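Some notes on the structure that comes next.
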């Protein structure tokens, strides 16, 4: 009986893989992304690694219902991927190709950030919620939107690009995308550091940060928790824009939960509480607000999402 | 054979009704909303009017597959309506009640603005598009989101409340909802008049508007089309915020078309072109942009959406 679902999360440096028996992750592992092997070469590596691991666990491909795969780029509804910058892929159909390599095994595909949202919706922070939005605060800001238990991918695979919604007017510097005032410019790890630097430059507020040569978003958060005045101001500033973004997303999608993930979310409940304060401030229209919670699957969210794609 | 679908759009002063034979609207009419009759009284009026009209057209209830109904308030997924301010309804199940009155005929229900979005997606400006967003610019700003041909309603029936997404920082006055900087404050007919008044007060720019005692959004648009400097400035200002809203919605839902409806949209292609200019300016991330088009069903959008609810 075919009962296994495989999740594969392809990143620029490593590929995460997981074998699920119904809802249970029974084994997970990682392999290197050897981009130099080219598009088919990377997929062949995935295929070989899966076959090997199944054998180790006394399974065969016959036991596998399908594979759900995440790639770092927009995916059209027919599985077409125009470009994955980090993988040097252009104009490819990764799911169709992997399926062909693997004896026509069903392969499903989605954008990696969207897939993480599906994983968190299935067994993570949004478990039990039909409508949820994941916001990942890392080097950049990404996310995904789940409605009625399914991912929204959009007409050009660009749905859930939460990092680039405009939340601030009159932003002096531009975002990597070319726009001004993107959420990513404020709420990413880089954004937090940049905001702190501006407050250091533009104000006289006391701060231990003035004694640092370089500092990270984690440093700012740790100091904010210890009541460093400028660090607190920075985190409040960041969280206000996150609160505005969440309030706006509430009015468009109206989910019952927002899940905060990514490296910055290691700040924990401290950060969630401040974000929630500004979400409430910016959404007086209804008291039926969504919950704000922390992501719980960490780097495994993508492989969970992959398995869910197979099982849906 | 049951082949008819009925659309019913309940407003504060009138109720629009339509009979559809498959995709064709074969008859439409209107009755007054006599709120004083109370919740069941209004539904009885609808039931009586439908039966009468079917008889006139030589049909019976046996020919009807179902009714799709729009109400001016949030609708939960189980059909519960907590409040319709304009109808004095509280804690009701309009679809269940109408179905009971009408011999268990299937009745579907949605928020009226969402229903109009579904109507435009089915046979209006977004026809042929799987993913679309309607933005209605009237006394207020409303809308609805259609994904994969179906309405997004959200966990509390609040999805598509596009008028209350925050697009402007440092707005001096507050919106009816209590927030500051809502799209409705800028892009509604009222918003356009208010913006023009502020420019009249805060600038020395020449304008025929300075000779008007009172003026409407239509006056501002007409003067802008005739190159009145302050009127042009007002419409550019309004459209910039609409462009930002559309750019943000694109990144969340990624539809292939935006439909602009409501009274203000009578400004026509002139307005669409300016909105599109600011949409492009604010979405450098991808050239795969949605089209911006005018709504085409006018006040019938709701009954079209109602019929589509039945036929989906």
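Residue numbers (the working numbering), protein chains in the order written: chain D, 1 to 312; chain E, 1001 to 1312.
In this text, a Cβ means the ideal position worked out from N, Cα and C, and glycines have one as well.
These numbers come from a predicted model, not from an experiment.
Item: Proximity winner among D:102, D:213, D:3, relative to residue 193 (chain D) (alpha-carbon distances); Value: D:213
Item: Start and end residues, alpha helix (DSSP H) containing residue 308 (chain D); Value: 301–311
Item: Where residue 1234 (chain E) falls, given that 16 or more other Cβ within 10 Å makes a residue buried; Value: buried
Item: Short CB-CB distance (under 9 angstroms) between residue 158 (chain D) and chain E; Value: yes
Item: For residue 26 (chain D), the nearest candidate out of D:200, D:54, D:41 (CA to CA); Value: D:54
Item: Secondary structure of residue 143 (chain D), DSSP reduced to three states; Value: strand
Item: Sheet register partners of residue 1008 (chain E) (DSSP bridge); Value: E:1017, E:1069
Item: CA-to-CA distance, residue 312 (chain D) to residue 1170 (chain E), given in whole angstroms; Value: 45 angstroms
Item: 7 angstroms Cβ shell around residue 1096 (chain E) - same chain, five flanking residues per side excluded; Value: 1079
Item: Minimum Cβ-Cβ distance from residue 1177 (chain E) to chain D less than 9 angstroms; Value: yes
Item: Contacting positions in the region 1221–1239 of chain E - beta carbon closer than 9 angstroms to chain D; Value: none
Item: Alpha-carbon spacing of residue 119 (chain D) relative to residue 1199 (chain E), whole angstroms; Value: 50 angstroms
Item: Residues bridged to residue 1027 (chain E) [DSSP beta-bridge criterion]; Value: E:1019
Item: Cβ of residue 94 (chain D) within 9 angstroms of any chain E Cβ; Value: no
Item: Any chain A beta carbon closer than 9 angstroms to residue 1251 (chain E); Value: Checking the listed chains, one finds no chain A in this structure; the protein chains it contains are D and E.
Item: Neighbour-count burial assignment, residue 1289 (chain E), 16 or more Cβ in a 10 Å radius; Value: buried
Item: Residue 236 (chain D) beta carbon less than 9 angstroms from that of residue 123 (chain D); Value: no
Item: Beta-carbon spacing of residue 106 (chain D), residue 71 (chain D) below 9 angstroms; Value: no
Item: Cβ-Cβ distance between residue 117 (chain D) and residue 151 (chain D) below 9 angstroms; Value: yes
Item: Residue 1162 (chain E) (DSSP reduced to helix, strand or coil); Value: helix
Item: Residues near residue 92 (chain D) by beta carbon distance below 6 angstroms, same chain, minus five either side; Value: 39, 81
Item: Under the three-state DSSP convention, the category residue 1317 (chain E) falls into; Value: Since the displayed chain E opens at 1001 and closes at 1312, residue 1317 (chain E) lies outside it and no answer follows.
Item: 7 angstroms Cβ cut-off: residues of chain E touching residue 260 (chain D); Value: The contacting residues do not exist; residue 260 (chain D) stays about 17 angstroms from chain E at best.
Item: Cα-Cα separation between residue 3 (chain D) and residue 131 (chain D), rounded to whole angstroms; Value: 27 angstroms
Item: 7 angstroms Cβ cut-off: residues of chain E touching residue 72 (chain D); Value: Neighbours of residue 72 (chain D) on chain E: none; closest Cβ ~15 angstroms, over 7 angstroms.
Item: Residues sharing a beta bridge with residue 1132 (chain E), DSSP; Value: E:1146, E:1257
Item: Which of helix, strand or coil DSSP assigns to residue 1272 (chain E); Value: helix
Item: Enclosing beta strand (DSSP E) for residue 1083 (chain E) [first to last residue]; Value: 1081–1084
Item: Local conformation of residue 215 (chain D) per DSSP, three classes; Value: coil
Item: Whole-Å CB distance - residue 1103 (chain E) paired with residue 1061 (chain E), under 8 angstroms assumed; Value: 7 angstroms
Item: DSSP beta-bridge partners of residue 1032 (chain E); Value: E:1014
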